[in-house]
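Below is one structure, written out as structure tokens; the observations come after it.
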Amino acid sequence: MNTFPLTHDQLVQLTKQYPTPFYVYDEKGIRDNMKYFTKAFSIFPQFREYFAVKALPNPYILRILESEGCGADCSSLPELMLSEMSHIDGKRVMFTSNDTPANEFKYAYKNGNIINLDDITHIQFLKESLGGKLPDTICFRYNPGPLKQGGNAIIGKPEEAKYGLTHDQMIEAYKICRKEGVKHFGLHTMVASNELNPDFFADTARIVFDMVLEVQKECGVNIEFVDLGGGVGIPYRPGQKKVDLEYVAKKIRELYDEKIVPAGLDPLAIYFECGRPITGPYGWLVTKAIHEKNIYRSYIGVDASMADLMRPGMYGAYHEITVSGKENVPCDRVYDVAGSLCENCDKFAVQRSLPEIDMGDLLIVHDAGAHGRAMGFNYNGKLRAGELLLRSDGSVVQIRRAETIDDYFATLDFTGLDSFSV
């Protein structure tokens with residue numbers, strides 16, 4: 188757990204300008220973290236991190252990451268557009284989507300993005316979408332099925348996941364595309380989420396490299412880049428250990444030298460598409476205690492809800508919580524920290540040891556910089572929180588305002604309501 192970068196007094200002052208709840212992101216932490224990621228994988232001839240836009244889709248964050256050399260991994264038209272607004276374009280954008288509408292393929296093609304296909308039937312669909320011709324560069328998402336053991340509750344076992352092509356479909360797909368005149372090829376896989384075992388990623392690279400060699404042998408196709416996906420976790424819980432990326436890179440480099448170099452495929456570009464380990468530890472949800480309830484358990488009710496951070500309710504995910512100004516006070520009370528949704532799973536913490544909480548205290552939910560605000564929703568008419576950026580110079584800027592009631596009603600068509608017959 189990273190220390191919250193503002194003092195108690197600074198946070199109190201901030202809440203006078205921006206009412207809770209809100210997210211805070213630390214620019215310096217994100218930049219330093221991205222530099223560490225890049226340095227770890229600099230042992231490869233070519234490397235790029237394609238930040239998973241779905242984790243934190245804000246153009247200010249994307250602009251920061253672009254300046255650190257990041258590309259963008261996108262899954263939808265709005266994400267493609269956000270990347271373009273953030274000066275991430277061309278082949279620095281990987282379009283990895285599934286069940287994709289034709290207009291989104293057209294947009295990615297027009298912008299020269301790398302299109303990563305999720306199914307063998309998408310070859311023909313893409314061709315028809317683009318007027319009868321495939322792009323010069325194509326990538327396929329590989330689902331290794333039972334070859335890859337493990338998986339977890341978030342993404343599931345590979346053979347039970349909806350994503351990717353089977354082994355035999357991969358071979359056929361490259362043959363088809365070669366005949367269609369495609370000139371450049373990539374290979375992608377994504378088989379885990381929030382994984383902390385560093386050897387898991389080396390094993391994934393082994394499976395991918397073996398597939399690269401098989402495609403070369405069976406299809407006469409030289410893969411030019413591999414996207415090893417994301418899935419690198421962060422230590423949400425006390426006692427968990429951060430993934431050692433230098434160790435991961437070293438293990439993958441050993442496999443690269445063993446398999447790729449002798450096959451004459453060096454330099455093979457190595458890509459990742461991580462989101463969580465880049466921004467996750469450097470974002471916090473700040474919320475205020477507004478109610479206390481004592482029945483069979485003691486509850487602290489806050490002004491944020493699962494609509495602002497759904498991970499605990501959706502996955503049972505753990506996030507550390509600290510009480511601003513009481514960091515050194517003994518945690519001698521046990522609370523459920525709950526939001527106001529009409530759902531019993533709307534809890535940020537269950538039976539958590541915390542210091543005594545008074546009404547008005549500011550609670551800080553840690554490690555919320557990825558898959559936090561991005562997964563927000565409007566159930567119960569809840570309005571999603573805004574986002575603030577702590578700049579490297581210590582200033583704070585708003586990078587997304589909180590939603591308003593007007594925002595909530597904006598898509599409703601009231602024009603015929605008065606004459607609507609019931």
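Note that the sequence shown covers residues 188 to 609 in our numbering. Where is the CB? At the ideal position from N, CA and C, for every residue including glycine.
For H371 and L442, the rounded distance between their alpha carbons: Each residue's Cα considered, the two are about 23 angstroms apart.
When the distance is taken between beta carbons, is I465 closer than 7 angstroms to L455? Not closer than 7 angstroms, so no.
Counting along the chain, where does the beta strand (DSSP E) carrying D610 start and finish? The chain is shown only over 188 to 609; residue 610 falls outside these bounds and no answer can be derived.
Could you check how far apart the C-beta atoms of I310 and F282 are, in whole angstroms? I think they sit under 8 angstroms. Wrong, their Cβ atoms sit about 15 angstroms apart, outside the cutoff.
Please report the straight-line C-alpha distance between G373 and G581, rounded to a whole angstrom. Their backbone Cα atoms lie some 41 angstroms apart in a straight line.
Alpha-carbon spacing of A360 relative to V399, whole angstroms: Taken atom to atom, the span from the alpha-carbon of A360 to that of V399 is near 13 angstroms.
In angstroms with no decimal places, state the Cα-to-Cα distance between E530 and A536. Each residue's alpha carbon lies about 14 angstroms from the other.
Once DSSP output is grouped into helix, strand and coil, what is the label at L193? DSSP places L193 in coil when its eight states are reduced to three.
Kindly list the residues whose CB is nearer than 6 angstroms to the CB of M493, restricted to its own chain and excluding five residues on each side of it in sequence; keep chain order. Spatial neighbours of M493 in its own chain (CB-CB distance under 6 angstroms, excluding positions within 5 residues in sequence) are listed in chain order as G500, G526, L528 and D533.
D414 versus A379 - alpha carbon distance: Those two C-alpha atoms are separated by around 13 angstroms.
Taking the alpha carbon of V402 as the point to measure from, which residue in N300, H354 and K366 has its own alpha carbon closest? Shortest Cα-Cα distance from V402 to any of N300, H354 and K366 involves H354.
Decide if L599 is buried, meaning its Cβ has at least 16 other Cβ atoms within 10 Å, or exposed. Exposed, because fewer than 16 other Cβ atoms sit within 10 Å of the Cβ of L599.
Is Y361 helix, strand or coil by DSSP? Reduced to three states, the DSSP call for Y361 is helix.
On the DSSP bridge assignment, give the partners of K293 in chain order. K293 pairs with nothing; no bridge assigned.
Is G256 helix, strand or coil by DSSP? In the three-state DSSP reduction, G256 falls in the coil class, being neither helix nor strand.
Three or more C-beta pairs closer than 8 angstroms, one from the stretch 236-245 and one from the stretch 550-566: is that the case here? At 8 angstroms Cβ cutoff, the stretches touch.
Buried or exposed: which applies to L604, given that a residue is buried once 16 or more other Cβ atoms fall within 10 Å of its Cβ? Label assigned to L604: exposed.
Residue burial classification, I592 (beta-carbon count within 10 angstroms, cutoff 16): With fewer than 16 other Cβ atoms within 10 Å, it is exposed.
Who pairs with G573 in a beta bridge, going by DSSP? Its beta-bridge partners are F209.
When DSSP labels each residue in this structure, what does M501 get in the three-state scheme? Look at M501 here: in three-state DSSP terms it is helix.
Taking 6 angstroms as the cut-off, is the beta-carbon of I301 closer than that to any non-hydrogen atom of the ligand MN? The ligand MN is absent from the structure shown, which contains no ligand whatsoever.
For the beta strand (DSSP E) that H371 lies in, which residues bound it at each end? Per DSSP, the continuous beta strand (DSSP E) segment holding H371 begins and ends at H371 to H375.
Closest Cβ-Cβ distance between R440 and chain C: below 7 angstroms? Although the question refers to chain C, the structure presented lacks it and comprises just one protein chain.
Closest by C-alpha distance to G479, when choosing among S263, Y595, L472 and D490: Looking at the sequence itself, residue 479 is Glu, so the reference to Gly does not match. Checking every option, the nearest Cα to that of E479 belongs to D490.
When the Cα atoms are used, what is the spatial distance from V510 to Y329? Spanning the two alpha carbons is a distance of roughly 44 angstroms.
For Y469, which residues from the same chain have a beta carbon less than 7 angstroms from its beta carbon, with the 5 sequence-adjacent residues on both sides left out? If you ignore the 5 residues before and after Y469, its C-beta comes within less than 7 angstroms of the C-beta of N189, Y212, D213, G216, I217, N220 and G556, all in its own chain and listed in chain order.
Quick check: the stretch 288-305 against the stretch 253-265, are at least 3 beta-carbon pairs closer than 8 angstroms? Enough Cβ pairs lie closer than 8 angstroms, so yes.
Identify, in the order they occur along the chain, each residue of the same chain with its Cβ nearer than 8 angstroms to the Cβ of D519, setting aside the five sequence neighbours on each side. Excluding positions up to five away in sequence, the list reads S540, P542 and E543.
Just curious, the beta strand (DSSP E) that Q538 is in, first and last residue? K534 to L541 is the span of the beta strand (DSSP E), which, as asked, contains Q538.
Rounded straight-line distance, which links the Cα of V609 to that of A340: Confidence is the limiting factor: at A340 the pLDDT is only 49, short of 50, which leaves the residue's position unreliable, though a coordinate-based value still follows. Their Cα atoms are separated by approximately 46 angstroms.
Three-state secondary structure (DSSP) at I623? Lying before the first or after the last residue shown, residue 623 is absent from the chain, which here runs from 188 to 609.
Does DSSP classify Y469 as helix, strand or coil? Here Y469 sits in helix by DSSP.
Span of the alpha helix (DSSP H) around V402: Under the DSSP assignment, V402 falls in the alpha helix (DSSP H) whose first and last residues are P385 to C406.
Excluding the five sequence neighbours on either side, which residues of its own chain have a C-beta within less than 6 angstroms of the C-beta of V521, listed in chain order? If we look at V521 and ignore the five residues flanking it on each side, its Cβ neighbours are Q538 and S540.
Proximity winner among F231, T225 and K278, relative to L252 (alpha-carbon distances): Of F231, T225 and K278, the residue nearest in Cα terms is T225.
Quick one: give me the first and last residue of the alpha helix (DSSP H) that Q311 is part of. Unbroken alpha helix (DSSP H) run through Q311: H309 to S316.
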